[in-house]
DNA sequence: CAACCGCCTTGACCGAGGTCAATGGCCGCT
DNA sequence: AGCGGCCATTGACCTCGGTCAAGGCGGTTG
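Residue numbers (this note's numbering), protein chains in the order written: chain H, 44 to 288; chain X, 44 to 288.
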């Protein structure tokens, strides 16, 4: 994973103390000693939008935390049908200790910066970093819950419910990140194109588009350009999701 | 979780040495000391087919390994639409250390026997059982992979592909468990009713039924009663799955 | 042995969402 | 300004799988 031949990537080393995901990533519970250990094996890499970060079946040499940007985890069939099985956002962890191949394709959506650890040294250090392994188990359990919630969406929700669920997911996140909440409503930037959303939601691009216009005509959202959505009434949109949030 | 008031459950204590899942469950890497620790907090419980083992939102007081039988993990919407998000088979682990509520409904499909651990003592013991925590992380990562594979099935596969995938899943498992492989083909017992399969595959019961007859008419399977399937040509059925197995 | 019940199958119909194709905006480039 | 590329939207049509409804089959009960 993490192809070394790519021209566009930069390698820098940053202080953990100024890291934007210091308090949420796999290292969030690490003490000073543990951070010092991590520091000995970590390095940064940057990927451009659309760039492949890793392919299913590749040798798994590097584990990483997302520092900035958005990436996708996806799974494909031979005929090209593909399903995004996870969104990777800042603080999310990529790769699995104890495995030697990559399980899913990883692709950069925006520009992505990773904080990387070579796998073998990281695994060896894990026994000396109990807070890191505990945090990793915790994050993996969270990912598992998220994956299972998404299974309900993929298997049972209608197109409209899928779009509403997705918008609320992004809205919740961007509110947490401290974005625009005005009297006009909540203003959110979509990190994904229509096509990527479709791949995430198990829909086609046309259906995504049609549902956006349907929600707009029903007054549940308004669009400012193609990537900015204003949600005037959060509760009204929540009612479209189908389940109890 | 694990309702204590139910009449039909039995509580026994068994020797780990004769446990059928000793080499695959969360305790599989435990040494003698660790097993002795587990022994101090473990007890058995049995549930009848259809019985609820735990409900989403319940206080999570007990963690458990499935010893025998089949159970489902499921997620429901207010209007009753439900999706099975995981199958629990012998050696699978239920519950998550570090959480205090149940995340998904757990239901017995067949008679189920669990090897239970009270959560708090188990969590406290975890620090003294490194092999158990490592194994738990490993199993959780496997579950996550399985969940993500299932997302591809739910989001992108046709009804026929879903059924074929499911049959191969069960076939693979029953071959591993050492079941009937004759010159007539592989004989498999379905652990689930049509309805439960439908809930697992994101289909309706009618569609499941129709696809079974379609596969039968195409000579890919033959049915012996309603719960026994014979697969004469494993490779031919594999071709119906759509992806590279 | 008839009545019943749970589960499965089959048929007729319908509709949500996929497919195919044309059109429209936005932006950078010359 | 004009052109071309990319992405999004819209429309017309079709199909897969859902819905509704009617049996069928096997096992159990009186």
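Note that beta-carbon positions come from the ideal geometry of N, C-alpha and C, so glycine has one too. Just so you know, these numbers come straight off a predicted model, no measurement behind them.
At the 7 Å Cβ level, is residue i part of the contact set with chain H, yes or no?
i: residue 166 (chain X); result: no
i: residue 194 (chain X); result: yes
i: residue 278 (chain X); result: no
i: residue 245 (chain X); result: yes
i: residue 282 (chain X); result: no
Quick one: Cα of residue i to Cα of residue j, how far?
i: residue 258 (chain H); j: residue 264 (chain H); result: 6 Å
i: residue 235 (chain X); j: residue 250 (chain X); result: 15 Å
i: residue 74 (chain H); j: residue 81 (chain X); result: 29 Å
i: residue 282 (chain H); j: residue 99 (chain X); result: 21 Å
i: residue 45 (chain H); j: residue 268 (chain X); result: For residue 45 (chain H), the predicted structure reports a pLDDT of 49, less than 50, and the residue's modelled location is therefore unreliable. The matter cannot be settled from this model.
i: residue 166 (chain X); j: residue 65 (chain H); result: 26 Å
i: residue 135 (chain H); j: residue 244 (chain X); result: 29 Å
i: residue 254 (chain H); j: residue 205 (chain H); result: 9 Å
i: residue 120 (chain H); j: residue 76 (chain H); result: 45 Å
i: residue 86 (chain H); j: residue 111 (chain X); result: 47 Å
i: residue 209 (chain H); j: residue 246 (chain H); result: 12 Å
i: residue 88 (chain X); j: residue 127 (chain X); result: 23 Å
i: residue 192 (chain H); j: residue 231 (chain X); result: 30 Å
i: residue 288 (chain H); j: residue 196 (chain H); result: Below a pLDDT of 50, predicted positions are generally treated as unreliable, and residue 288 (chain H), at 47, falls in that range; the measurement from the model is reported next regardless. Their Cα atoms are separated by approximately 12 Å.
i: residue 181 (chain X); j: residue 141 (chain H); result: 8 Å
i: residue 174 (chain H); j: residue 256 (chain H); result: 47 Å
i: residue 168 (chain X); j: residue 60 (chain H); result: 33 Å
i: residue 148 (chain H); j: residue 101 (chain H); result: 9 Å
i: residue 176 (chain H); j: residue 67 (chain X); result: 21 Å
i: residue 218 (chain X); j: residue 271 (chain X); result: 14 Å
i: residue 79 (chain H); j: residue 170 (chain X); result: 22 Å
i: residue 50 (chain X); j: residue 137 (chain X); result: In this prediction, residue 50 (chain X) has a pLDDT of 39, which is less than 50 and means its spatial position is unreliable; what the coordinates show is noted afterwards. Looking at the two C-alpha atoms, the distance is approximately 22 Å.
i: residue 252 (chain H); j: residue 223 (chain H); result: 24 Å
i: residue 203 (chain H); j: residue 62 (chain H); result: 38 Å
i: residue 160 (chain X); j: residue 216 (chain X); result: 27 Å
Quick one: list the residues of chain H neighbouring residue i, beta-carbon separation under 9 Å, in chain order.
i: residue 241 (chain X); result: Chain H residues near residue 241 (chain X): none, gap ~10 Å exceeds 9 Å.
Relative to the C-alpha of residue i, which residue among the options is closest?
i: residue 225 (chain X); options: X:125, X:131, X:87 and X:276; result: X:276
i: residue 239 (chain X); options: X:186, X:286, X:92 and X:280; result: X:92
i: residue 285 (chain H); options: H:60, H:211, H:223 and H:256; result: H:211
i: residue 233 (chain H); options: H:254, H:261, H:62 and H:266; result: H:266
i: residue 146 (chain X); options: X:220, X:213, X:184 and X:129; result: X:129
i: residue 122 (chain X); options: H:148, H:201 and H:184; result: H:201
i: residue 227 (chain H); options: H:216, H:203 and H:262; result: H:262
i: residue 153 (chain H); options: H:95, H:58 and H:223; result: H:95
For a contact meaning CB atoms closer than 8 Å, what does residue i contact in chain H?
i: residue 285 (chain X); result: 120, 121, 122 and 124
i: residue 186 (chain X); result: 187
i: residue 202 (chain X); result: Near residue 202 (chain X) there are no residues of chain H at all, since even the closest Cβ is about 12 Å away, more than 8 Å.
i: residue 183 (chain X); result: 180, 183, 184 and 187
i: residue 289 (chain X); result: Residue numbering for chain X in the displayed model covers 44 to 288; residue 289 (chain X) lies beyond these limits and cannot be assessed.
i: residue 100 (chain X); result: By Cβ distance, chain H contributes nothing, its closest Cβ being about 10 Å from residue 100 (chain X), past 8 Å.
Do the CB positions of residue i and residue j come within less than 7 Å of each other?
i: residue 117 (chain H); j: residue 158 (chain H); result: no
i: residue 84 (chain X); j: residue 164 (chain X); result: yes
i: residue 125 (chain X); j: residue 242 (chain X); result: yes
i: residue 207 (chain X); j: residue 106 (chain X); result: no
i: residue 237 (chain X); j: residue 248 (chain X); result: yes
i: residue 187 (chain X); j: residue 187 (chain H); result: yes
i: residue 190 (chain X); j: residue 90 (chain X); result: no
i: residue 155 (chain X); j: residue 114 (chain X); result: yes
i: residue 103 (chain H); j: residue 199 (chain H); result: no
i: residue 139 (chain X); j: residue 72 (chain X); result: no
i: residue 183 (chain X); j: residue 144 (chain H); result: no
i: residue 274 (chain X); j: residue 220 (chain X); result: no
i: residue 194 (chain H); j: residue 194 (chain X); result: yes
Can you list the residues of chain X that residue i reaches, using a CB-CB cut of under 8 Å?
i: residue 258 (chain H); result: In chain order: nothing, as chain X lies at least about 19 Å away.
i: residue 108 (chain H); result: In chain order: nothing, as chain X lies at least about 17 Å away.
For residue i, which residues in chain H fall below 7 Å Cβ to Cβ?
i: residue 76 (chain X); result: The premise fails here: residue 76 (chain X) is roughly 17 Å from chain H at the closest Cβ pair, so nothing lies under 7 Å.
i: residue 162 (chain X); result: By Cβ distance, chain H contributes nothing, its closest Cβ being about 14 Å from residue 162 (chain X), past 7 Å.
Under a CB-based cut-off of 7 Å, is residue i close to chain X?
i: residue 128 (chain H); result: yes
i: residue 112 (chain H); result: no
i: residue 199 (chain H); result: yes
Is there at least one non-hydrogen atom of the ligand ZN closer than 6 Å to the beta-carbon of residue i?
i: residue 208 (chain H); result: By its list of ligands, the structure shown contains no ligand whatsoever, and the ligand ZN lies outside what it can speak to.
Using a Cβ cut-off of 9 Å, pull out every chain X residue sitting near residue i, in sequence order please.
i: residue 138 (chain H); result: Ordered by position in chain X, no residue passes the 9 Å Cβ test against residue 138 (chain H), which lies about 10 Å from the chain.
i: residue 141 (chain H); result: 177, 180, 181 and 184
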